[in-house]
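If you count by our numbering, then the sequence shown holds residues 81 to 389, one letter each, in order.
Right, one structure below, let's go through it.
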Amino acid sequence: MHCAFVVDPLPSLIVHHDTSVALMYAAAAQGYTVSVLGVGSLFIQAGQAWATVQTLQLQARALAGAWYSVVDTQTMALADFDWVWMRKDPPVDAAYITATQMLDLAQTKVLNKPSALRSANEKLYALRWPQWTPETLVTGSKGQIREFVQRLGKAVLKPLDGKGGEGIFFLASDDRNLNSLIEVSTQWGQRPVMIQAYLPAAVEGDKRILLWRGQPLGAVNRIPGTGDFRGNIAAGGRVAATEITDREQALCADLAPVLQAADLDFVGIDVIGGYLTEVNVTSPTMLREISELMQVDLAARVIADLAAT
Ligand SMILES: Nc1ncnc2c1ncn2[C@@H]1O[C@H](COP(=O)(O)OP(=O)(O)O)[C@@H](O)[C@H]1O
Ligand SMILES: [Mg+2]
Numbered sequence: 081m082h083c084a085f086v087v088d089p090l091p092s093l094i095v096h097h098d099t100s101v102a103l104m105y106a107a108a109a110q111g112y113t114v115s116v117l118g119v120g121s122l123f124i125q126a127g128q129a130w131a132t133v134q135t136l137q138l139q140a141r142a143l144a145g146a147w148y149s150v151v152d153t154q155t156m157a158l159a160d161f162d163w164v165w166m167r168k169d170p171p172v173d174a175a176y177i178t179a180t181q182m183l184d185l186a187q188t189k190v191l192n193k194p195s196a197l198r199s200a201n202e203k204l205y206a207l208r209w210p211q212w213t214p215e216t217l218v219t220g221s222k223g224q225i226r227e228f229v230q231r232l233g234k235a236v237l238k239p240l241d242g243k244g245g246e247g248i249f250f251l252a253s254d255d256r257n258l259n260s261l262i263e264v265s266t267q268w269g270q271r272p273v274m275i276q277a278y279l280p281a282a283v284e285g286d287k288r289i290l291l292w293r294g295q296p297l298g299a300v301n302r303i304p305g306t307g308d309f310r311g312n313i314a315a316g317g318r319v320a321a322t323e324i325t326d327r328e329q330a331l332c333a334d335l336a337p338v339l340q341a342a343d344l345d346f347v348g349i350d351v352i353g354g355y356l357t358e359v360n361v362t363s364p365t366m367l368r369e370i371s372e373l374m375q376v377d378l379a380a381r382v383i384a385d386l387a388a389t
C-alpha cells in the first residue's frame with residue numbers, strides 16, 4: 081500500500097498541529113508507504129499525471145523538531161498510488177488551479193476531488209445554504225458595501241481567496257478608514273469581496289466542525305485572543321473544547337448530501353453562533369486538536385475508512 085500527499089514544503093508544516101502530518105502518521109501506522117509531493121513536481125506524460133515524490137520515514141511520536149526523514153526520491157505515475165490526498169494550502173491561485181487540472185489525469189482516487197476543489201470557493205460555497213448563513217453580500221462596489229455597512233452598523237469584510245484570518249476586516253459605519261479599507265480590499269473595485277453581517281457570538285468563538293464524507297467527526301472552538309476579533313489559531317485564537325449542538329447537527333445534515341455528491345470527502349466548516357460562515361475544502365485543519373480533546377484518533381478512523389473503500 082502506497083499513498084501520496086500533495087503538500088506545501090515539509091519544513092512549513094507544524095508537526096504537532098498540522099492535519100496533514102496527523103494523516104501521514106495514521107497512514108504509516110496502518111501499513112502505507114507515505115510519499116509527499118509539491119504541486120511543482122507534477123507532470124503529464126502519455127495522458128497521465130506523474131510526479132517526483134519523496135518517500136518519508138516518520139519518526140515515532142515526534143511532537144517537535146525533526147519528524148521525518150526522506151528515504152527515497154523517485155518519479156512515479158500517480159496511478160501507482162492507492163490514493164492521493166491534495167492538501168496544499170490556499171491561495172487558490174492559477175498555480176493551484178493548474179495543479180487540480182493535472183490531478184484530473186491521476187488515474188487513481190484523488191481527494192478532495194480536483195474538479196470540486198476548483199468549483200468550491202471556500203467563502204462562496206457556504207452561500208448555497210442561505211438559511212444557514214448570515215446576511216452576506218459579494219461585490220466589488222464601494223457604494224453597495226457602504227450601504228450594507230451603514231444599514232447594519234457593523235460588518236466583516238473577507239477576501240474570497242484567503243485563509244487563517246488573512247485580510248479579514250471588521251467594518252464599522254463610523255470608521256474613518258472605511259473607504260480606504262474597501263478600496264484596498266477590492267483593489268479599487270477590481271476584485272469582489274465578501275461583506276457579511278457581524279455576528280456578535282464571534283467573541284464566544286468560531287467553531288470548526290470537521291466532516292468526513294458528510295458525517296461530523298468532531299468539533300473545536302477557537303476563541304479570539306485579546307485585541308483581535310478573529311478566532312483563527314493563525315491570528316492568535318485559542319483552542320477550547322466544545323460540542324456539536326442539535327442546530328449544528330441539522331446544518332451538517334443539510335450539507336451532507338451536497339458534499340457527498342461533489343466528492344468533497346474531507347471538509348471543515350466554520351460556524352459562529354449557529355451560522356455557517358465558511359466551508360473549507362482545500363486543506364482543512366484542527367483534526368489533531370479535536371482528536372486530543374475527544375481522546376479519539378480521528379486520523380486513524382479516516383485513513384481506515386479510506387483504505388476500506
Ligand atoms: N460574520 C462574522 N461575524 C463575526 N466574526 C466573523 C464573521 N466571519 C468571520 N469572522 C471572524 O473572522 C475569522 C476568519 O473568518 P473566516 O470566514 O473563517 O475566514 P478564514 O478562516 O478563511 O480566514 C473567524 O475565525 C471569525 O473569528
Ligand atoms: Mg475560517
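Ideal placement from N, C-alpha and C gives every residue a C-beta, glycine not left out.
| query | Quick one, what's near ligand 2 if you take every residue whose CB is closer than 5 angstroms to any heavy atom, in chain order? | reply | For ligand 2, the selected residues are D350, E358.
| G220 versus M274: straight-line alpha-carbon distance, rounded | Counting from one through the sequence shown, the residue named residue 220 turns up at place 140. Counting from one through the sequence shown, the residue named residue 274 turns up at place 194. Their Cα atoms are separated by approximately 9 angstroms.
| Quick one: is the Cβ of Q211 within less than 7 angstroms of any heavy atom of ligand 1? | Here residue 211 refers to the residue found at position 131 of the sequence shown. No - ligand 1 has no heavy atom lying nearer than 7 angstroms to the Cβ of Q211.
| message | Please classify I352 as buried or exposed, where buried requires at least 16 other C-beta atoms within 10 Å of its C-beta. | response | For the purposes of this step, residue 352 is taken as residue 272 along the sequence shown, with counting starting at 1. It is buried - the Cβ of I352 has at least 16 other Cβ atoms within 10 Å.
| field | G348 - DSSP class collapsed to helix/strand/coil | value | To locate residue 348, count along the sequence shown from 1; it is residue 268. Residue state, collapsed to three classes: strand.
| query | Quick one, are the C-beta atoms of Q128 and A157 less than 8 angstroms apart? | reply | If you number the sequence shown from 1, residue 128 lands on position 48. If you number the sequence shown from 1, residue 157 lands on position 77. Yes, these two residues count as a Cβ contact at 8 angstroms.
| task | Assuming L117 and V86 form a contact by the criterion Cβ under 8 angstroms, report the distance between their Cβ atoms to the nearest whole angstrom. | result | As a position in the sequence shown, residue 117 is number 37, starting the count at 1. As a position in the sequence shown, residue 86 is number 6, starting the count at 1. Indeed they touch by this definition, with Cβ atoms about 6 angstroms apart.
| said: Looking at W165: is its Cβ nearer than 8 angstroms to the Cβ of L93? | reply: The residue given as residue 165 occupies position 85 in the sequence shown. The residue given as residue 93 occupies position 13 in the sequence shown. No, Cβ-Cβ distance for W165 and L93 is not below 8 angstroms.
| query | Contact between the segment 322–337 and the segment 255–267: three or more CB pairs below 8 angstroms? | reply | no
| task | Within its chain, find whatever has a CB closer than 6 angstroms to the CB of Y176; leave out the 5 residues flanking it on each side and keep chain order. | result | Locating residue 176 in the sequence shown gives position 96, where the first residue counts as 1. Here the set comprises nothing.
| field | Integer-rounded CB distance, given that W292 should sit under 8 angstroms from D385 | value | As a position in the sequence shown, residue 385 is number 305, starting the count at 1. As a position in the sequence shown, residue 292 is number 212, starting the count at 1. Yes, they are in contact, since the Cβ atoms of D385 and W292 sit about 7 angstroms apart, within 8 angstroms.
| query | Once you ignore the five residues that flank K232 on each side, which residues in its own chain have a CB closer than 6 angstroms to its CB? | reply | Stepping through the sequence shown from its first residue, residue 232 is reached at position 152. The sequence given here places Leu at residue 232; Lys does not occur at that position. Within the same chain, L232 has close Cβ partners A277.
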